[in-house]
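Chemist: Please see the structure below; I have some questions.
Numbering (the numbering used here), first residue to last: 7 to 348.
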């Protein structure tokens, strides 16, 4: 069995931006020839899945595609919004040319009005982990990746009536007030700036009388041991992400996002999970002449930056044992492909 190595083509750029990276070892990542002056090198066993986490617009999908192309792996989605059809442009799902290069799975495989949980995703991803070569699992939903490698508590699903009541409650009293209605243990543990996370915790407490953290203390075994996977976390500071986020949303607007909204307008329902896609509600409002295009763009860029900040916080807290790569180094160089025997 051949192992695959990927080398950045510019040793100088790699050295200046990635000199702090670990040498190649169990992580499968380091500098070629065991020298920090050499190009950055990735060496992955085909029998071990590659997991890539990173904030939005950090270049994680490009890295996943390069690895998948080199080793004949499939790319598996680990983003909670990219699972839905209806918004492929707005949720930055891989374009057709990426699908032509490598097989992409769990992207847009659900109808726009479906409900989907992390437990559903784990059930869908389980058989895919058995493939050889093992897949590249990539996404920005930290809960998916943490549940995969740390296990997931069996928390009862929220009934639809309670979910609607929770959505209305949050709209009525605001996020901060909803946080104050949570139990203390949950309030101290979760990301209280994440509206969906707060609402889910509120739903669990109302439905079961038991806090989310209490449920999570009874976590089941993980599907995938961290020792059996290559774990990569892409670090991307605000100075790097801010211009990329702005440019990406401009590209979405010119690439079909408004047309997606126009197609969704007759069936639009703000309570659908897919409606949480950043910019979706504002694009619908634009089509209803309630906001201007400039307002849509401004709001989406701000919301995406805030989302990226929450992602970075999650990854720092929950993925401290993952190998960290600098996004600027990954996005600044092209990648060459070579093969070598183990």
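We put the CB at the ideal spot given by N, CA and C, even for glycine. These figures come from a predicted structure and were not determined experimentally.
Just to confirm, are residue 168 and residue 213 a CB contact at a threshold of 9 Å?
Modeler: Going by C-beta atoms, residue 168 is nearer than 9 Å to residue 213.
Chemist: Have a look at 229, 325, 245, 331 and flag the residue whose alpha-carbon is nearest the alpha-carbon of residue 154.
Modeler: Checked all of 229, 325, 245, 331; the closest Cα to residue 154 is 229.
Chemist: For residue 327, which beta-bridge partners are listed by DSSP?
Modeler: Paired residue(s): none; residue 327 is not in a bridge.
Chemist: Starting from residue 237, trace the beta strand (DSSP E) both ways and give me its first and last residue.
Modeler: Unbroken beta strand (DSSP E) run through residue 237: 236-241.
Chemist: In the DSSP assignment, find the beta strand (DSSP E) that holds residue 59 and state where it starts and stops.
Modeler: 56-59 is the span of the beta strand (DSSP E), which, as asked, contains residue 59.
Chemist: In whole angstroms, give me the CA-to-CA distance for residue 108 and residue 301.
Modeler: For residue 108 and residue 301, the distance between alpha carbons rounds to 37 Å.
Chemist: What are the boundary residues of the alpha helix (DSSP H) that residue 145 is part of?
Modeler: Segment 142-145 is the beta strand (DSSP E) holding residue 145; no alpha helix (DSSP H) there.
Chemist: Assuming residue 139 contacts residue 77 under a Cβ cut-off of 8 Å, what Cβ separation, rounded to an integer in Å, is found between them?
Modeler: Confirmed, Cβ separation roughly 5 Å.
Chemist: Determine the closest residue to residue 245 out of 57, 63, 54, with distance taken between C-alpha atoms.
Modeler: Ranking 57, 63, 54 by Cα distance to residue 245 puts 63 first.
Chemist: State the CB to CB distance for the pair residue 285 and residue 252, rounded to an integer number of angstroms; the pair is presumed to be in contact (CB under 8 Å).
Modeler: The pair is not a contact, with the Cβ atoms about 13 Å apart (cut-off 8 Å).
Chemist: Does the distance from the C-beta atom of residue 151 to that of residue 84 stay below 9 Å?
Modeler: Taking 9 Å as the Cβ cut-off, residue 151 and residue 84 qualify as a contacting pair.
Chemist: Could you tell me whether the stretch 106-126 touches the stretch 86-94, where touching means 3 or more Cβ pairs closer than 8 Å?
Modeler: Touching, yes, given that three or more Cβ pairs across the two stretches are closer than 8 Å.
Chemist: Measure the alpha-carbon distance for residue 242 versus residue 292 and round it to whole angstroms.
Modeler: C-alpha separation (whole angstroms): 31 Å.
Chemist: Go through its chain and collect everything with a Cβ distance to residue 205's Cβ below 6 Å, but skip five positions before and after it.
Modeler: Only 172, 176 meet the Cβ criterion.
Chemist: Three Cβ pairs or more, each shorter than 8 Å: is that satisfied between the stretch 226-240 and the stretch 258-275?
Modeler: Result no; under three Cβ-Cβ pairs closer than 8 Å.
Chemist: Alpha carbons only, please: which of 269, 216, 190, 111 is nearest the one belonging to residue 160?
Modeler: With distances taken between Cα atoms, residue 160 lies closest to 216.
Chemist: Could you give the uninterrupted runs of the alpha helix (DSSP H) lying entirely in the stretch 114-184, keeping only those of 4 residues or more?
Modeler: You should have 124-131, 148-156, 166-179.
Chemist: Taking the alpha carbon of residue 260 as the reference point, which residue from 299, 275, 232, 235 has its own alpha carbon closest?
Modeler: The option with the nearest alpha carbon to residue 260 is 299.
Chemist: Taking only the alpha-carbon atoms, compute the straight-line gap between residue 190 and residue 179 and give it to the nearest angstrom.
Modeler: Approximately 19 Å, taken between the alpha carbons.
Chemist: Can you list, in chain order, the residues of its chain whose CB lies under 6 Å from that of residue 278, leaving out five sequence neighbours each side?
Modeler: Counting only Cβ-Cβ distances below 6 Å, and skipping sequence neighbours, we find 119.
Chemist: Using a 10 Å radius around the Cβ and a threshold of 16 neighbouring Cβ atoms, would you call residue 209 buried or exposed?
Modeler: With 16 or more Cβ atoms within 10 Å of its Cβ, residue 209 is classed as buried.
Chemist: Hey, residue 143 and residue 110 are a contact pair by Cβ (cut 8 Å); roughly how many whole angstroms apart?
Modeler: Not quite, the Cβ-Cβ distance comes to about 12 Å (not below 8 Å), so this is no contact.
Chemist: When the Cα of residue 282 is compared with those of 51, 93, 187, which residue comes out closest?
Modeler: Out of 51, 93, 187, 93 has the C-alpha closest to the C-alpha of residue 282.
Chemist: With distances taken between CB atoms, is the gap from residue 141 to residue 55 smaller than 9 Å?
Modeler: Their beta carbons are under 9 Å apart, which means residue 141 touches residue 55 by this criterion.
Chemist: In chain order, what residues of the same chain lie with their CB nearer than 6 Å to the CB of residue 79, ignoring the 5 residues before and after it?
Modeler: These residues qualify, in order along the chain: 139, 141, 142.
Chemist: By Cβ distance, which residues of its chain are closer than 6 Å to residue 66, with the 5 residues on each side in sequence left out?
Modeler: 58, 60, 144, 240.
Chemist: Pull up the distance between the alpha-carbon of residue 296 and that of residue 148, whole angstroms please.
Modeler: Looking at the two C-alpha atoms, the distance is approximately 34 Å.
Chemist: Out of curiosity, what's the CA-to-CA distance linking residue 136 and residue 157?
Modeler: Whole-angstrom Cα-Cα distance: 18 Å.
Chemist: Rounded to the nearest angstrom, what separates residue 345 and residue 123 at their Cα positions?
Modeler: Here the model assigns residue 345 a pLDDT of 31, short of 50, so the residue's position is not dependable, and the following value carries that caveat. Answer to the nearest angstrom: the Cα atoms are 39 Å apart.
Chemist: For the beta strand (DSSP E) that residue 204 lies in, which residues bound it at each end?
Modeler: Here residue 204 belongs to no beta strand (DSSP E); instead the alpha helix (DSSP H) covers 201-214.
Chemist: For residue 102, count neighbouring Cβ atoms within 10 angstroms of its own Cβ and tell me buried if that reaches 16, exposed if not.
Modeler: Exposed, by the Cβ-count rule.
Chemist: So who's on the other strand from residue 186, going by DSSP bridges?
Modeler: For residue 186, which the question treats as bridged, DSSP gives no partner whatsoever.
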